[in-house]
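Trainee: Input: one structure, supplied below.
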Amino acid sequence: MKHIIVFIEAKDSQSLKRTSHEALTAAQSIAGGASITAFAVNGSEQALQSAGNYGVQSVVLAQHELLGSYSSTATAEALAQYARSIDADIVIVSGNATGKEIAPRLSVKLKAGLLPDCIALSGDTTSIAATRPVYAGKAHITVHSASGKAIIALRPNVFTAKQIGSDAATITAFSPNLEASHARVQVISTMKNEGTLDVAEADIIVSGGRGMKGPEHFPLVEQLASTLGAAVGASRAVVDAGWRPHGEQVGQTGKTVSPSLYIACGISGAVQHLAGMSSSKCILAINKDKDAPIFKVADYGIIGDVFEVLPKLDASLKAMLHG
Amino acid sequence: MNILVCISQVPDTTTKIQVSGDGQTIDKSGVKFILNPYDEFAIEEGLKLREQFGGAVTALTVGSETSKEILRTALAMGVDKACIVKTDAQLDSYNVAENIAGFAKNISPDLIIFGRQSIDFDSSSMAPMVAEMLDMPSISVVSSWKIEGNGIQAERDIEGGKEILSTTLPCVISAQKGLNDPRYPKLPDIMKAKSKPIEEIEPCHGNHLVSLSSMALPSSKRVGMIVGDSDADITSIVTALHEQAKVI
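So the sequences go chain by chain: A and B.
Counting in my numbering, the first sequence runs from 1 upward without gaps.
Counting in my numbering, the second sequence runs from 1001 upward without gaps.
Here you go:
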C-alpha cells in the first residue's frame, strides 16, 4: 500500500492553519487507496484532532525536548525519520514560510523529488504530477518525481479545503531520535503584524496602485477593504514611493497571494505585479485605461476613474451585503 | 570571513516568454537575461560583511557560457573571485544543489548567501537544499540580522508577521529585499571586471530527482466581463461577484 504524510500546523489551541486544511484535502484528492497520516511537531489535542474534519483519522505527534521551540532543521529530521519508518511515498506540506524551509531538506534526506509551489496535482500516488507557475506566471510547467517518492509543497490558498468528516482524529506519539546538532537553528520569538489583516492570509484583497495618485487617497481603498473584511494590498510602485508599507506589497518582490477575490484599483498590471496575484480565484480590476494589461487577467473589469468608481462600488457592495 | 554567494542568471521580468518547440523550455531568442534581482542583495550582503569582518567573497553560478555575464556584474560590484560550474544541460534543482554543495565543500565557507528565490523557477528551495547537503543550519528570507562571534540572530518574514531566529556559523541564509541597498558598480570597475579571470568548474551530472513533463503558456479561464463606470455597470459587477463568481 502507498503511504502519504501530510505535515500539519496548529493555528491556535483549537484549530489547524487553513493551509493545513488545504494540504489534508489535497492528500484526499490523490490518495486512491493510499493511507494518509498527518504529522505534527506541536499543537493541542483539540487542534490536532480536528484533522478528522478533513478526512484524516490518524495524526502522529513527534515529541522531543529539541522540538520545544520550533526548529526547521529538527522538524525536517523528525519528519524524515517518521517517513522512513513507514516507507512513505509522498509527503505533502503547505508551501508557506515554514514549508518552504522544510520541504527542500526532506527532498535531500529522503532522496525524493521536490515539487514546490504546486497549483494543481494530477494522477495518483503511483504517478503524481504537479503543475506550477514559472517565469512570473508567464508559463506553467508540469513535473513529476523521477525517484518514485515525492515531496509536494502547495501554493497557499490555491487548493480548496473541504470538510468531509466530524470524527476526531486519533493522536499517536512518535519519538524521533534527535541530537542537539539537529536543532542548530531555532525560532526565538514571533511577532504578529498588529491590527491589520495580512495580504498573505486574506480571503479578499483590495490593492491600490499608482492610479491612486497619492497616499492621501488610500482611505478609498481602505474603506472598500473594510466593507468587504479584506486586507489592503499595494503595488510595487506605491511601496517604492513610500505611500504604503512593504508588508502590503503584492508581486514578485512582495508577496504572492491567491485570495478568492482580488480587487486591483488603479493598478496597470506590470508583469511583476501579475506574478504575485494572477493565481487569485477571481480578479476585479478598476482602471481608467481600457488597454491596461490588468484587464487581460481580470474576470471583471470596470473602466473608469478610481476616484469615482470606488465610492460607488463601496455603496453598491454595502447595499448588497447589508441591504 | 570566508563568504560564498550563489547567484543565477534569469530572464528579465519584462521579457515576453514563449515556449520552444520541445514543449519543455523557453525560446531564448530575443530574451534579455539579467542577474536575478534577489541575488543583488546576496552579493551586497557578502561585500558588507567583508568590509566588517575581513575575508573574501566568492561568487558562484551554475550555468552556460552566457551566465558569465552575471559573474562580471558580481566582480564589478566587488567580489574577490568568480566561479562557474559550466554546463549547458538542464539540471533539476537537486542536481544544481549538488554542484553548489560540492564546490562549497572545497572552500569551506563560513557563510553561504543566496537570493530569496530566483525569479525564473521561483522554487525558493536552493538555500535549504544546499544547507541540508552540507549539514548546515539555514534561514530563508532574511530581512535583517546581526552576527556576534559565532552567533547569528536573524529576522525573517512569515505570513502575518515576522520571526526572530537564532543560529550559529557556519550557515546558509537567503536574502530578502530590504536587507540592504545593493551598490551600483562604477564604470571603471565594470571595465576592470571584463578582464578578470573566471574559474570554470566541471559539473557533476549526478542525480535527477525531478523530471519535467511539459511547459505551456497558462490557459486563461477568466470571465472577461469588462464594463464602464455607470451606476448600472457597477451594480452589474456587484451582482456578478455575488451570483456568478460567488466570492462575496
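The beta-carbon is built from N, C-alpha and C at its ideal position, and this holds for glycine as well.
Please return the same chain residues whose Cβ sits closer than 6 angstroms to the Cβ of B/Gly1046, not counting the five positions on each side in sequence.
Mentor: Excluding sequence neighbours, B/Gly1046 sits near Ile1003, Val1005, Val1057, Ile1113.
Trainee: Which residues in the same chain as B/Ala1245 place their Cβ atom closer than 8 angstroms to its Cβ, once the five residues preceding and following it in sequence are excluded?
Mentor: If the five residues before and after B/Ala1245 are omitted, its C-beta is found closer than 8 angstroms to the C-beta atoms of Val1223, all from its own chain and listed in chain order.
Trainee: If you draw a straight line from the C-alpha of B/Ile1248 to the C-alpha of A/Leu220, how long is it?
Mentor: 19 angstroms
Trainee: Rounding to the nearest angstrom, what Cα-Cα distance links A/Val91 and B/Gly1149 in this structure?
Mentor: 38 angstroms
Trainee: Give the residues from the stretch 1080-1108 of chain B that approach chain A closer than 7 angstroms (Cβ to any Cβ), ordered along the chain.
Mentor: Ser1093, Tyr1094
Trainee: Taking CB distances under 8 angstroms as the criterion, tell me whether B/Gly1161 reaches chain A.
Mentor: yes
Trainee: State the start and end residues of the unbroken beta strand (DSSP E) segment that holds B/Ile1003.
Mentor: Judged by DSSP secondary structure, B/Ile1003 falls within the beta strand (DSSP E) whose first and last residues are 1002-1006.
Trainee: Going residue by residue through the stretch 9-38 of chain A, where are the continuous alpha helix (DSSP H) segments of at least 4 residues, counting only ones entirely within it?
Mentor: 18-31
Trainee: For A/Ala27 and A/Val6, which I take to be in contact (beta-carbon distance under 8 angstroms), what is that distance rounded to the nearest angstrom?
Mentor: About 5 angstroms separates the beta carbon of A/Ala27 from that of A/Val6, a gap short enough to meet the 8 angstroms contact definition.
Trainee: With 16 as the cutoff for other CB atoms within 10 Å, does A/Thr190 come out buried or exposed?
Mentor: exposed
Trainee: Can you tell me which of A/Ser13, A/Ala10, A/Thr19 puts its alpha carbon nearest to the alpha carbon of A/Glu201?
Mentor: Among A/Ser13, A/Ala10, A/Thr19, the Cα nearest to that of A/Glu201 is on A/Thr19.
Trainee: Which residues mark the beginning and the end of the alpha helix (DSSP H) in which A/Asn325 is found?
Mentor: A question about residue 325 of chain A goes unanswered here, because the residues of chain A that appear run from 1 up to 323.
Trainee: With distance defined between alpha-carbon atoms, name the residue in A/Val309, A/Lys138, A/Asp124, A/Lys149 nearest to A/Ile86.
Mentor: A/Lys149
Trainee: Identify the continuous alpha helix (DSSP H) that holds B/Ser1236 and give its terminal residues.
Mentor: 1231-1239
Trainee: Among the candidates B/Gly1115, B/Phe1121, B/Phe1041, B/Ile1100, whose CA atom is the shortest distance from the CA of B/Thr1025?
Mentor: B/Thr1025 has its Cα closest to that of B/Phe1121, out of B/Gly1115, B/Phe1121, B/Phe1041, B/Ile1100.
Trainee: Which residues of chain A have a Cβ atom closer than 9 angstroms to the Cβ of B/Phe1033, listed in chain order?
Mentor: Per Cβ cutoff of 9 angstroms: no residues; B/Phe1033 is ~12 angstroms from chain A at best.
Trainee: Per DSSP, which one or two residues make a beta bridge with B/Gln1153?
Mentor: B/Lys1146, B/Ser1166.
Trainee: Residues of chain A with CB closer than 7 angstroms to the CB of B/Lys1177, please, in chain order.
Mentor: Neighbours of B/Lys1177 on chain A, chain order: Thr253.
Trainee: Can you pull out the residues from the stretch 1230-1244 of chain B whose beta carbon lies closer than 8 angstroms to at least one beta carbon of chain A?
Mentor: Taking 8 angstroms as the Cβ-Cβ cut-off against chain A, the residues of the stretch 1230-1244 of chain B that qualify are Asp1231, Asp1233, Ile1234, Thr1235, Ile1237, Val1238, Thr1239, Ala1240, Leu1241, His1242.
Trainee: Starting from the Cα of A/Gly95, find the closest Cα among A/Ser145, A/Thr256, A/Ala34 and give me that residue.
Mentor: A/Thr256
Trainee: Spell out the partners DSSP gives B/Met1225 in its beta bridges.
Mentor: Paired residue(s): A/Tyr300.
Trainee: At a CB distance below 8 angstroms, what residues from the stretch 138-164 of chain A approach chain B? Give them in sequence order.
Mentor: Lys138, Ala139, His140, Ile141, Thr142, Val143, His144, Ser145, Ala146, Ser147, Pro156
Trainee: Strictly by DSSP, which residues pair up with A/Val324?
Mentor: No answer is possible for residue 324 of chain A: the residues shown for chain A start at 1 and end at 323.
Trainee: Starting from the beta carbon of B/Ser1213, find every residue of chain A whose beta carbon is closer than 9 angstroms, and list them in chain order.
Mentor: Ala129, Ile141, Thr142, Val143, His144
Trainee: When we look at the beta-carbon of A/His21 and count the other beta-carbons within 10 Å, is it buried (16 or more) or exposed?
Mentor: buried
Trainee: For A/Gln186, would you say it is in contact with chain B, using Cβ-to-Cβ distances shorter than 8 angstroms as the test?
Mentor: Closer than 8 angstroms to some Cβ of chain B, the Cβ of A/Gln186 qualifies, so yes.
Trainee: Indicate whether A/Leu66 and A/Ala183 have their beta-carbon atoms separated by less than 8 angstroms.
Mentor: yes
Trainee: According to DSSP, B/Val1019 sits in a beta bridge with which residue or residues?
Mentor: B/Ile1026
Trainee: Taking only three categories from DSSP, how would you classify B/Gln1090?
Mentor: coil
Trainee: On the DSSP bridge list, what partners appear for B/Met1215?
Mentor: A/Ile141
Trainee: Counting only beta-carbon atoms, is B/Phe1121 nearer than 8 angstroms to chain C?
Mentor: Checking the listed chains, one finds no chain C in this structure; the protein chains it contains are A and B.
Trainee: Excluding five sequence neighbours on each side, which residues of the same chain lie with their C-beta closer than 8 angstroms to the C-beta of B/Ser1118?
Mentor: Ser1008, Val1010, Asn1036, Tyr1038, Asp1039, Met1126
Trainee: Near B/Ser1144, what residues of its chain come up, given a Cβ to Cβ distance below 7 angstroms and the 5 sequence neighbours on each side ignored?
Mentor: Glu1155, Leu1179
Trainee: Within 10 angstroms of the Cβ of B/Gln1176, are there 16 or more other Cβ atoms? Answer buried if so, exposed if not.
Mentor: buried
Trainee: With the cut-off set at 8 angstroms, would you say B/Gly1078 and B/Met1001 are in Cβ contact?
Mentor: no
Trainee: What first and last residue would you give for the beta strand (DSSP E) that runs through A/His3?
Mentor: In the DSSP assignment, A/His3 falls within the unbroken beta strand (DSSP E) covering 3-7.
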